[in-house]
Amino acid sequence: MDEKAKLKHLLGHWAEHNEDHAGNYLKWADKAEAWGNAELARILRDVASIEKQTAERFNKSMDLLD
Numbered sequence: 001m002d003e004k005a006k007l008k009h010l011l012g013h014w015a016e017h018n019e020d021h022a023g024n025y026l027k028w029a030d031k032a033e034a035w036g037n038a039e040l041a042r043i044l045r046d047v048a049s050i051e052k053q054t055a056e057r058f059n060k061s062m063d064l065l066d
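Spelled out as structure tokens, the structure:
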């Protein structure tokens, strides 16, 4: 596998990994909100949003390798 193919594979893996993390953060945000901790829930949702944005950037980066 050449380096471009390897990077494309890694970018896909990283994007999927970040999406998985975002989903987990959102689940915990819901729990934090149920506990009455709105600030913690907001922070976790913000972090989930950042993870999703990062995943989108990884996916766009993959397109640049085509």
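In my numbering, the protein residues as written are 1 to 66.
Beta carbons are placed, not taken as given, at the ideal position from N, Cα and C, and that holds for glycine.
Beta-carbon gap between residue i and residue j smaller than 8 angstroms
i	j	result
L65	L7	yes
R45	A34	no
A32	L40	yes
F58	A22	no
N- and C-terminal bounds of the alpha helix (DSSP H) containing residue i
i	result
D2	Looking at the DSSP string, D2 is not in any alpha helix (DSSP H), and its letter there is neither H nor E.
D66	Unbroken run through D66: none, as it is neither H nor E.
Cβ-based burial, residue i [other Cβ within 10 Å; buried from 16]
i	result
E51	buried
A5	exposed
N24	exposed
A55	buried
> Could you give the uninterrupted runs of the beta strand (DSSP E) lying entirely in the stretch 15–56, keeping only those of 3 residues or more?
Replying inline: none
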